[in-house]
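Read the structure below first, then the notes.
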Amino acid sequence: MPRAFRSACVLGTSLLGVTLLSGCVANNPAATHAALTVESSQSECAVSTNEAPAGSIRFSVTNSGDQVTEFYLLAADGLRIVGEAENIGPGLRRDLVVQLDAGSYFTACKPGMSGDGVGKAEFTATKTDAAATVNVDLAAQIDSANTNYASYVSDQIDQLVTGTDAFAAAYVGGDFDRARSVYASTRVHWERVETIAESFGDLDPKLDLREADVEEGQNWTGWHAIEKALWPAEAEAGFEAYSTEKRAALTEQLVADTATLDDKVQGLTFTLSQQTNGAIGLLDEVATGKVTGEEEAWSHTDLWDFQANVDGAKVLYDGVRDILLQQDPDLAASLDTEFAALQTLLDAQRVGDGFTIYTDLTPAEIRTLADQVNALGEPLNQLTAALVL
Amino acid sequence: MTRAAPRAKRAESTDPSAPSTPTRGLSRRGLLGLAGASVAGIGLGVAGDRVALAAAAMPGAASASAVYPFYGSHQAGIVTPAQDRLHFAVFDVSVGTTRAELIELLQDWTIAAAALTAGHDIGEYGAVSGPYDAPPEDTGEAQGLPTAGLTITFGFGFGPTLFETADGVDRFGIAGRRPAELAALPHFPGDDLDVGRSDGDVCIQACSNDPQVAVHAIRNLSRIAFGRAALRWSQLGFGRTSSTSTSQSTPRNLFGFKDGTANIKAEEPNVVTDQVWVSADDEPAWLAGGSYLVARRIRMTIETWDRSILREQEAVFGRTKGAGAPLSGGTEFTEPDFTLAGREDQPLIGAAAHVRLAHPTQNKGTKLLRRGYNFVDGNDDLGRLEAGLFFISFQRSPAQFTSVQLNLAKHDALNEYIRHVGSALFAVPAGARENSFVGAPLFA
């Protein structure tokens with residue numbers, strides 16, 4: 001389950017432009033970048049210099065005015081946004097790091113965040129031998145990645161609806177063996193797009209709340225409430241089987257909430273940062289809940305969820321991989337390697353159509369999986385910075 | 001029987017300056033555990049007087065030379081400027097301990113705590129000046145160390161056995177004196193509590209600017225308790241995460257952020273009176289001048305945090321990571337403006353930001369005096385640092401903590417990266433008066 005609200009933070013990022021930023025910041029501390037300052041006041045947008053060598057450039061923007069401000073780096077046409085630092089409160093400083101090809105640009109500030117902005121001025125990135133070449137025509141690729149991902153989400157939720165109906169029918173009809181056998185394979189569709197499902201704040205706790213996260217007096221519904229009843233041997237002493245009425249109420253709610261989710265994901269569009277942060281979020285889910293065996297406290301089908309989260313992250317990564325190959329081929333190579341290594345470890349735990357249950361994993365196996373999640377997580381979390389500014 | 005030798009040195013018969021009443025000296029039983037059967041009374045450990053050392057310390061080394069008296073109207077270690085190090089220990093009173101023995105233990109602890117906070121070794125002979133054939137009274141690892149601002153703060157827990165056992169036995173005749181509010185905290189969403197790191201009969205909070213001074217205190221107090229009370233759980237903390245005085249800068253937690261900028265400060269006497277101390281008008285009367293201590297062991301999944309993007313990190317706290325200013329602007333101490341909107345009319349400080357949810361204006365004016373510490377207890381089986389915040393807060397009523405924590409547990413963006421794994425609540429009595437002992441009003 002979602003340790004809630006990540007999505008609220010992550011999905012707040014919007015895609016306004018794409019430029020180059022080499023990933024793996026920490027791996028190359030010796031790299032030099034031009035460090036510029038910008039003072040955004042009520043009427044000025046004073047950049048410390050109007051020229052810097054092409055390559056990595058850091059604009060340290062200080063808001064000396066008394067309104068919220070924004071700083072923009074615009075292309076030579078004065079319109080296309082190459083980079084921006086938004087929502088800078090009065091008195092605060094925020095850094096914008098961009099990688100610029102040689103050429104002409106404009107800098108501008110927008111105190112109060114409306115109107116045409118102030119202090120629009122020419123800025124030149126001068127030619128150097130080291131400067132990277134920029135392929136600026138990525139809009140089509142991004143559009144295509146976004147469209148593909150929207151279809152994927154919609155398809156997964158469709159399958160979730162179908163699976164949930166079958167699961168609910170089996171459970172409410174008393175066919176518990178059948179319900180147990182489709183529990184994990186149905187939830188896979190949820191877990192693959194979990195960060196999207198989580199972005200609908202009220203639906204997520206209704207569908208996927210773990211018992212530990214239930215508030216006193218709160219009505220516990222969703223998958224895990226049913227999970228506990230289906231695997232009562234794992235529950236605490238004195239746990240009582242649910243009545244027929246309660247089973248009916250839980251399944252009705254589950255089916256209804258899933259249908260609502262289905263409605264909500266129709267026609268969704270995704271920005272590039274939502275995709276890259278979605279991949280990061282899914283692997284975080286693995287790191288905090290699945291590799292620790294906390295998600296499926298009674299069925300112990302954590303590896304199904306694990307694989308599904310990884311599936312979802314991989315789909316998101318694959319969607320933007322072509323773009324990444326142009327911008328940071330080293331990061332792409334690293335991600336290819338680490339995704340494959342993680343998949344190899346998961347494949348080793350396959351049993352029939354499913355996986356080893358969590359409680360049958362040895363401590364060494366769990367440790368190896370956790371280490372590989374970290375190995376993938378570090379480069380994966382560079383993805384947003386590498387693709388989106 | 002080499003132990004017979006020290007008998008000749010019985011302080012109570014030969015030294016009129018050495019007090020022999022239980023309230024002023026360690027009880028006979030307390031000393032049985034320290035230096036054998038025959039030494040009673042307590043000297044102030046001339047051999048181990050560390051105040052002189054502190055005074056000789058480099059000028060300006062205030063954190064080393066600070067001395068906070070143990071006796072007073074309130075216990076030290078609450079509004080005292082937060083020291084850098086913590087050793088927090090929770091004891092259960094042993095099976096078979098009587099009311100008289102419990103009182104005697106509190107008397108012995110009081111004497112020892114007064115000596116320790118004054119920079120003395122405990123016992124008549126201290127660490128190295130006692131009978132050659134007896135174990136040293138003081139364990140000795142603080143020799144040569146300054147007082148380092150040591151404070152020792154005692155609290156009474158609701159369980160499992162102090163006021164009343166689970167099956168209703170009133171072991172010490174104080175069941176009727178349990179404050180109504182000294183009860184189990186509610187389950188907060190996301191709680192994943194380990195009973196082995198929760199609750200307990202009596203807590204002792206030792207804070208100091210030198211880790212070894214704090215550990216020395218808990219070690220010796222534990223030793224004094226053997227046979228009467230035993231350690232249930234304990235926690236070391238390095239790096240204070242709160243400032244409780246305007247003279248202190250706000251430190252950082254292990255997420256790298258300044259948190260608790262708006263903490264209650266000693267220089268706000270009206271707020272302290274209103275929010276921290278139990279008043280004479282509150283119930284029960286024996287707790288007047290005291291407070292309630294909440295301890296929460298909060299595990300951080302810092303590996304996941306460390307690879308989250310800066311945008312998210314700042315959004316989670318609602319502050320800048322560098323200066324600690326609220327995202328609505330200004331400097332660290334600028335009041336957050338929760339209504340100031342940025343792009344798309346969204347508030348700069350988000351609805352789930354920690355600074356918003358913990359702020360008094362979002363909690364009906366409720367404030368807590370926070371006094372927590374960072375901890376790193378090695379690593380877990382998955383190779384992750386066993387790291388986090390050992391949260392401590394003092395408040396006039398546990399309801400203050402409960403209302404704030406409920407708000408945080410339900411909505412805080414930080415919940416993605418933390419887990420509460422230990423929890424305890426204690427009633428902290430007023431300060432001990434000289435010639436009395438800590439918690440005396442509870443038994444009066």
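Here the protein sequences come in this chain order: V and D. Taking the numbering used here, the leading residue of the first sequence gets 1, the next gets one more, and so forth. Taking the numbering used here, the leading residue of the second sequence gets 1, the next gets one more, and so forth. Even glycine gets a Cβ: it sits at the ideal position worked out from N, Cα and C. Everything numeric in this text was worked out from a predicted model, so none of it was measured.
Is Thr139 of chain D near the ligand FAD, in the sense that its beta carbon is under 7 angstroms from a heavy atom of that ligand?
Judged by which ligands are present, the structure shown has none, so any question about the ligand FAD falls away.
Considering Cα atoms alone, identify which of V:Glu295, V:Phe339, V:Glu296 and V:Val291 is closest to Lys314 of chain V.
The residue among V:Glu295, V:Phe339, V:Glu296 and V:Val291 with its C-alpha nearest the C-alpha of Lys314 of chain V is V:Phe339.
With a CB to CB cut of under 6 angstroms and the five nearest residues on each side skipped, what residues in its chain are close to Gln248 of chain D?
Around Gln248 of chain D: Pro81.
Helix, strand or coil: how does DSSP classify His87 of chain D here?
It is a strand residue.
In whole angstroms, what is the alpha-carbon distance linking Asp167 of chain D and Tyr317 of chain V?
Asp167 of chain D and Tyr317 of chain V: Cα-Cα distance of roughly 58 angstroms.
For Leu446 of chain D, return the contacting residues in chain V, with the cut-off set at a CB-CB distance below 8 angstroms.
Since the first residue shown for chain D is 1 and the last is 444, residue 446 of chain D is missing from the structure and cannot be characterised.
Contact list for Thr288 of chain V against chain D, beta-carbon separation under 7 angstroms:
The contacting residues are Thr301 and Thr304.
Is Ala444 of chain D closer than 8 angstroms to Val438 of chain D when the C-beta atoms are compared?
Cβ distance not < 8 angstroms, so Val438 of chain D and Ala444 of chain D don't count as in contact.
Going by the DSSP bridge assignment, what does Arg419 of chain D pair with across the sheet?
Per DSSP, D:Arg299.
Less than 8 angstroms between the beta carbons of Trp233 of chain D and Val90 of chain D, yes or no?
It is a contact, given that the beta carbons lie within the stated cut-off.
Selected residue, minimal CA-CA separation from Phe172 of chain D, among D:Ala180, D:Glu181, D:Gln405 and D:Leu162
When each option's Cα is compared against that of Phe172 of chain D, the closest is D:Leu162.
Tell me which same chain residues have a C-beta within less than 7 angstroms of the C-beta of Arg178 of chain V, skipping the five on either side of it?
These residues qualify, in order along the chain: Ala170.
Report the neighbours of Pro189 of chain D on chain V: residues whose CB is nearer than 7 angstroms to its CB, in chain order.
Going along chain V in sequence order, the residues near Pro189 of chain D (Cβ under 7 angstroms) are Asp213, Val214 and Glu215.
Going by C-alpha distance, which of D:Gln275, D:Gly237 and D:Arg296 is nearest Gly196 of chain D?
For Gly196 of chain D, the nearest C-alpha among the options comes from D:Arg296.
Gln107 of chain D and Ala127 of chain D look like a contact to me (Cβ under 8 angstroms); what is the Cβ gap, rounded to whole Å?
Rounded to whole angstroms, the Cβ separation of Gln107 of chain D and Ala127 of chain D is 22 angstroms, and the two are not in contact under 8 angstroms.
Residues of chain V with a CB under 7 angstroms from the CB of Arg307 of chain D: which are they?
Going along chain V in sequence order, the residues near Arg307 of chain D (Cβ under 7 angstroms) are Gly377, Glu378 and Asn381.
Exposed unless 16 or more other CB atoms sit within 10 angstroms - verdict on Ser7 of chain V
Low per-residue confidence applies at Ser7 of chain V: pLDDT is 36, beneath 50, and the placement is therefore not dependable enough to give any value.
Helix, strand or coil: which one does DSSP assign to Trp233 of chain D?
Three-state DSSP puts Trp233 of chain D in a strand.
In three-state terms, what does DSSP make of Val172 of chain V?
DSSP, reduced to helix, strand and coil, places Val172 of chain V within a helical segment of the structure shown.
Which residue spans inside the segment 248-284 of chain D form an unbroken alpha helix (DSSP H) run of at least 4?
Entirely contained in the segment 248-284 of chain D, the alpha helix (DSSP H) runs reaching 4 residues are, in chain order, 269-275.
Limits of the alpha helix (DSSP H) - the one that Arg93 of chain V falls within:
Under the DSSP assignment, Arg93 of chain V falls outside any alpha helix (DSSP H), being part of the beta strand (DSSP E) whose first and last residues are Arg93 to Leu100.
Cβ of Ile196 of chain V less than 8 angstroms from any chain D Cβ?
It does not; no Cβ of chain D falls within 8 angstroms.
If you measure from the beta carbon of Thr244 of chain D to each beta carbon in chain V, is any gap under 8 angstroms?
So no, Thr244 of chain D is outside the interface.
Determine the direct distance from the alpha carbon of Ile298 of chain D to that of Phe390 of chain D, and round the result to whole angstroms.
Using only the alpha carbons, I get a separation of about 6 angstroms.
Fully enclosed by the segment 358-441 of chain D, which beta strand (DSSP E) runs are 3 residues long or longer?
As far as the segment 358-441 of chain D is concerned, its whole beta strand (DSSP E) runs of at least 3 residues are 373-379, 385-395 and 418-428.
As an exercise, report each continuous beta strand (DSSP E) stretch of at least 3 residues that is fully enclosed by the segment 185-249 of chain V, in chain order.
Whole beta strand (DSSP E) segments, 3+ residues: zero.
Would you decide whether Gln218 of chain V is buried or exposed? Buried here means 16 or more other CB atoms lie within 10 Å of its CB.
Counting Cβ neighbours within 10 Å, Gln218 of chain V comes out exposed, since fewer than 16 surround it.
So which residues of chain D does Ala441 of chain V contact, with C-beta pairs closer than 8 angstroms?
Missing from the structure shown is residue 441 of chain V; chain V here goes from 1 to 389 and no further.
Alpha-carbon to alpha-carbon, Pro363 of chain V and Val188 of chain V
If I take the Cα positions, the gap works out to 24 angstroms.
May I ask you to report which of helix, strand or coil DSSP gives Tyr317 of chain V?
Helix.
For Ala114 of chain V, does the count of other Cβ atoms within 10 angstroms reach 16, so buried, or fall short, so exposed?
According to the sequence as given, residue 114 of chain V is Ser; it is not Ala. Ser114 of chain V should be labelled exposed.
Interfacial residues, the segment 317-337 of chain D to chain V, with Cβ spacing under 9 angstroms
From the segment 317-337 of chain D, only Thr320, Gly322, Ala323, Ala325, Pro326, Leu327, Ser328, Gly329, Gly330, Thr331, Thr334 and Asp337 have a Cβ closer than 9 angstroms to chain V.
Return the Cβ separation of Val193 of chain V and Gly163 of chain V in integer angstroms, given the expectation that the two are a contact with Cβ distance under 8 angstroms.
Actually they are not in contact, since the Cβ atoms of Val193 of chain V and Gly163 of chain V sit about 13 angstroms apart, beyond 8 angstroms.
Would you report the Cα separation of Ala140 of chain V and Val98 of chain V, rounded to the nearest angstrom?
C-alpha separation (whole angstroms): 21 angstroms.
By how many angstroms is the C-alpha of Arg85 of chain D removed from the C-alpha of Leu31 of chain D?
Since pLDDT at Leu31 of chain D reaches only 47, below the 50 mark, its modelled position is unreliable, and no value is offered.
Cα-Cα, which of V:Gln159, V:Asp322, V:Asp284 and V:Thr356 is closest to Ala370 of chain V?
Checked all of V:Gln159, V:Asp322, V:Asp284 and V:Thr356; the closest Cα to Ala370 of chain V is V:Asp284.
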